[in-house]
């Protein structure tokens, strides 16, 4: 059996193991496979992790059930300390994408953070055959991204920001901002309690 196939079978078995024993075995296995990883790592059931050799993790990382972490085909992911992600979060930097996340970031369920999009400029070729356009996503420290948010390539979220549920982040969100919408826009600043953007 080829090594890649054997790994896939092993990871499938590890992913199905419930409870503390499953989390312990996944931690031992993946800490040896990540490019860098702190001592405290918790991975929930049915996580999908591809190309972990391109991922740098800090310490105290919590990945809940159904988490997807991919950095294949030249992708890179770097996550700081004290990162927590709820169920079914997708963090994908395939095809040359880059994702950088600071310390103490929390991510709600069903969030998608993807640093490469499908190319679609040509009309004479099906979109699925046009490849991907890679970009970068940067998320500062102490950020809360609520449930069902989508963050696309080129997005930058400043430190201490809050992104409201169901938002689509396409551009830059400044530090300390509370932002929501599709596309996300700043609603107020956390460090300026009685002021909203544009009312100074």
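Numbering (our numbering), first residue to last: 4 to 203. All C-beta atoms in this analysis are idealised placements derived from N, C-alpha and C, irrespective of residue type, glycine included. These figures come from a predicted structure and were not determined experimentally.
| At what residues does the beta strand (DSSP E) containing residue 139 begin and finish? | 139 to 142
- Span separating the alpha-carbon of residue 203 from that of residue 195: Caution is warranted here: a pLDDT of 44 is assigned to residue 203, below 50, making its placement in the model unreliable, and no coordinate value can be reported.
Start and end residues, beta strand (DSSP E) containing residue 45
44 to 46
Alpha carbon of residue 94 to alpha carbon of residue 72, nearest angstrom | 5 Å
At least one CB of chain D closer than 8 Å to the CB of residue 140: is that the case? Looking at the structure shown, chain D is missing, and only one protein chain is on hand.
Checklist entry - In this structure, what does DSSP give as the bridge partners for residue 132? => result Residue 132 is not bridged to any residue.
Buried/exposed call for residue 127, threshold 16 Cβ in 10 Å
exposed
Assumed close pair residue 118, residue 139 - CB separation to whole angstroms, cut-off 8 Å:
6 Å
**Message:** What does the Cβ neighbour count give for residue 101, buried or exposed, with the cut at 16 atoms within 10 Å?
**Reply:** buried
- According to DSSP, is residue 36 helix, strand or coil? coil
_First and last residue of the uninterrupted beta strand (DSSP E) at residue 182_ = 180 to 184
| task | Check residue 51 in the structure and name its three-state DSSP category. | result | strand
#### Entry: For residue 161, three-class secondary structure by DSSP
coil
>> Using C-beta distances below 6 Å, list every residue in its chain close to residue 10, excluding the 5 sequence neighbours before and after it, in chain order.
In response: none
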